[in-house]
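**Q**
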Amino acid sequence: MNSFAFTYKQMRGLMFAILASFALVACSSDSDGDGAPSGSDLLALGCDDALDSVYQGQTPPVDWGPEMRGDITQCAFERRISIDEMAEAFAVSDSFINPGLSTPVDKYRVQYWTERNEGEPVLTSAALYIPETRRADPSPLLVLGHGSVGNADQCAPSLEDPGGFNKDTRPLVYSYAGDGWVAIMPDNPGLGTPGTTAPLYSVDEGHAILDATRAARKLFNDGALTEKNALIGLSAGAHAVLSAHAFAADYGLEGSVDTVIAFSSIWLSAGIWGTLVSDVGAAFINSTLMSVTMQYFIGHLAVYEGEDAIGDAFLPEKRQEALEMLEAGCWAQVTTDEQGPPSIGVNVGADLFLPEYVDEVGFCGLRDICETELAQTWRSRWAVDRPPPDPTIPVFYWVGGMDDFIPPGFQKCGLDRLEAQGANVTACVERDSDHSGIVSRSADWARQHLEEVLLGGDAPEPCETLEEFDPMLGCTIPIVPNSPDPADP
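If you read the sequence shown in the numbering used here, its first letter stands for residue -14, the second for the next number, and so on.
This is the structure we're talking about:
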């Protein structure tokens, strides 16, 4: 381990320990203080661990096997979330509407084992939401995939840091938990728990989603949950549930996947992250996209080459400053001009990335001409992050007609690939929704759909399809090839 990596990781751990201690005090003061929460009689575990223990490291089991996926290591009750508190989440932006909330919710934090590569256990934390009044008894389970929050430990959605949780993730959670659905949302490995998180790494995200179905059923009493699961994600979280959808048959889960709802999905070729650091990509990049690109390379280097390599794509003189910038805040901070990449003089790829990344990896992403070993290495990694779908599990691929972050034409690229690979996919549009508001604005349809597939209720009215919205819409992303071949990114 080089001296910089050691110092950086020590600093990161110390900062997070302090933040977790503050969170423990704050959340303890938010609990009702009236004894056991209403959902505790459903649980087989006491869930009386300390809140900050959910983020601490554990020694991997020496006899690790697939049957240990989803094993609970820590569980803590956090607080009761009132209807009024949930309603506030929909008042922060005109993008959202209050979808109607009917029940308070008890929130727990849990830690469980998931598996990266075969025989490689890793930890993830998660938030579990148990409504006071559930839609059914026994209850089906929703597994939620959260959007981008940043890659610092304090950004784990279960911690509810305002910069990484408040705007997008709260409406995703409360639209369903506040309507009586039991839900669990993994933070994903390395986000809060030890290690560096890898945004948009399909293996970690997909396995964490699938193992959440196991963790929940190991946590709940026998018979408290049905065998039915729905996977629902927003943006990067849609990428996570689509990844879980692809891996479900081979990796397995507890119960069945009965539907997948992907809102505003990032299902583009991961070659875009190479393209954006290239000289051509400089014409398209902004502070948000640069921040996400940095997070992508940091996380994937940690996964493929080890924690000591997280800054190896960056110029040596910029590495420490770049990593410290990303650790200094969550999404609301590290994607801005004031606190994000421009604040350290990073406006285009060449300001931060090594020349071989700008040229070789960049050209590989841009034109799929990958002649060097470095370019071929990243091309193979990008392909892993868009695995082929399971044609037996239905997917509802929701697009916001007013999405200006991933416009409908960009999302059409992901849809085209899914369709070409045989996915059972329905493309729906909420024409008055932007990237984030789509969750609350489509909640009536989604809730009725869940009622149908999980509880045997009536089907919702058919959604407006993307073809009805714009019959001529095609894949419009200008700078990245969009191959249907699973071997291609």
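Every residue, glycine too, gets a C-beta built ideally from N, C-alpha and C.
Could you name the residues of the same chain whose beta carbon sits closer than 6 Å to that of Ile283, not counting the 5 residues immediately before and after it, in chain order?
**A** Excluding residues within five positions, the ones whose Cβ falls inside 6 Å are Ile295.
**Q** I need the boundaries of the alpha helix (DSSP H) containing Asp189, first residue and last residue.
**A** Per DSSP, Asp189 belongs to the alpha helix (DSSP H) from 187 to 204.
**Q** Who are Val380's beta bridge partners in DSSP?
**A** Paired residues: Val245, Val410.
**Q** In terms of residue numbering, what span does the beta strand (DSSP E) encompassing Tyr475 cover?
**A** Residue 475 lies beyond the stretch modelled for the chain, which goes from -14 to 474, so this question has no answer here.
**Q** Any idea what DSSP makes of Cys32, helix, strand or coil?
**A** Three-state DSSP puts Cys32 in coil, outside helix and strand.
**Q** Can you check DSSP and say which residues form a bridge with Leu210?
**A** In DSSP, Leu210 forms a bridge with Ser124.
**Q** Put Lys397 into one of helix, strand or coil per three-state DSSP.
**A** Lys397: helix per DSSP, three-state reduction.
**Q** Mind listing, in chain order, the continuous alpha helix (DSSP H) runs of no fewer than 4 residues lying wholly within the segment 287 to 323?
**A** Whole alpha helix (DSSP H) segments, 4+ residues: 304 to 312, 316 to 319.
**Q** Just the C-alpha distance for Ala29 and Val346, rounded to the nearest angstrom, thanks.
**A** Their backbone Cα atoms lie some 50 Å apart in a straight line.
**Q** Which whole-angstrom value is the C-beta distance of Ala168 and Tyr114, which I expect to be below 8 Å?
**A** So it is a contact: roughly 5 Å between Cβ atoms.
**Q** From Arg402 to Pro373, what distance separates their C-alpha atoms?
**A** Those two C-alpha atoms are separated by around 9 Å.
**Q** Cα-Cα, which of Thr320, Tyr186, Leu216 is closest to Leu127?
**A** Per the Cα distances, Leu216.
**Q** Take the Cβ of Pro340 as the centre, count every other Cβ of all protein chains shown within 10 Å, and call the residue buried at 16 or more, exposed below.
**A** Exposed: under 16 other Cβ atoms inside 10 Å.
**Q** Residues in the same chain with beta-carbon distance under 7 Å from Trp49, minus the five sequence neighbours each way, listed in chain order, please.
**A** Answer for Trp49: Gly104, Pro106, listed in chain order.
**Q** Going along the chain, which residues of its own chain have a beta-carbon closer than 6 Å to the beta-carbon of Cys528, five neighbours each way excluded?
**A** Given that the chain is displayed from residue -14 to residue 474, the structure contains no residue 528 and the question cannot be resolved.
**Q** On a Cα-Cα basis, can you pick out the residue from Val245, Arg199, Ile251 that is closest to Tyr236?
**A** Selected option, being the one with the closest Cα: Arg199.
**Q** Return the chain-ordered list of same chain residues with a C-beta closer than 6 Å to the C-beta of Leu176, the five sequence neighbours on each side being excluded.
**A** Ala141, Thr182.
**Q** Given that a residue counts as buried once 16 or more other Cβ atoms are within 10 Å of its Cβ, and exposed if not, what is Asn102?
**A** Flag for Asn102 reads exposed.
**Q** Just list the beta strand (DSSP E) runs in the segment 344 to 379, keeping only unbroken ones of 3 residues or longer that don't cross its boundaries, in chain order.
**A** Counting whole runs of 3 or more residues, the segment 344 to 379 contains no beta strand (DSSP E) stretch at all.
**Q** With distances taken between CB atoms, is the gap from Phe232 to Gly191 smaller than 8 Å?
**A** In this structure, Gly191 lies closer than 8 Å to Phe232 by Cβ.
**Q** Can you give the beta carbon distance from Ser272 to Pro327, rounded, assuming they're within the 8 Å contact cut?
**A** Confirmed, Cβ separation roughly 5 Å.
**Q** Does DSSP put Arg432 in a helix, in a strand, or in coil?
**A** The answer is helix: DSSP assigns Arg432 an H, G or I state.
**Q** Do Leu210 and Pro123 come within 8 Å of each other at the CB atom, strictly closer than that value?
**A** Yes, Cβ-Cβ distance for Pro123 and Leu210 is below 8 Å.
**Q** When burial is assigned at 16 or more other CB atoms within 10 Å of the CB, is Phe1 buried or exposed?
**A** Residue placement at Phe1 is poorly supported in this model, since its pLDDT is 49, which falls under 50; the coordinates still yield a value, given next. Result: buried.
**Q** Going residue by residue through the segment 35 to 95, where are the continuous beta strand (DSSP E) segments of at least 3 residues, counting only ones entirely within it?
**A** Listed in chain order, the complete beta strand (DSSP E) runs (minimum 3 residues) inside the segment 35 to 95 are 57 to 66.
**Q** Pull up the DSSP beta-bridge partners for Pro116, would you.
**A** DSSP output for Pro116 lists Val90 as bridge partner(s).
**Q** With H, G and I counted as helix, E and B as strand and the rest as coil, what does DSSP make of Glu145?
**A** Of the three classes helix, strand and coil, the one that applies to Glu145 here is coil, per DSSP.
**Q** From this set, Ser78, Ala111, Glu437, which residue's C-alpha is nearest Gln41's C-alpha?
**A** The residue with the shortest Cα to Cα distance from Gln41 is Ala111.
**Q** Between Pro445, Asp353, Ala368, Trp367, which lies nearest to Phe381 when the distance is taken from Cα to Cα?
**A** Looking at the Cα atoms, Pro445 is the closest of the given residues.
**Q** Express the C-alpha separation of Tyr97 and Thr109 in angstroms, rounding to a whole number.
**A** Roughly 6 Å separates the two Cα atoms.
**Q** Please classify Glu239: is it buried, with 16 or more other beta-carbons within 10 angstroms of its beta-carbon, or exposed?
**A** Buried is the call here.
**Q** Identify whether Leu339 lies in helix, strand or coil by the three-state DSSP scheme.
**A** Of the three classes helix, strand and coil, the one that applies to Leu339 here is coil, per DSSP.
**Q** Return the first residue and the last residue of the beta strand (DSSP E) that Ile169 is part of.
**A** Unbroken beta strand (DSSP E) run through Ile169: 167 to 171.
**Q** Tell me which residues share the same chain as Met310 and place their Cβ nearer than 6 Å to its Cβ, disregarding the 5 neighbours each side in the sequence.
**A** Hits under 6 Å: Ile329.
**Q** Alpha carbon to alpha carbon, how far is Tyr159 from Gly441?
**A** For Tyr159 and Gly441, the distance between alpha carbons rounds to 23 Å.
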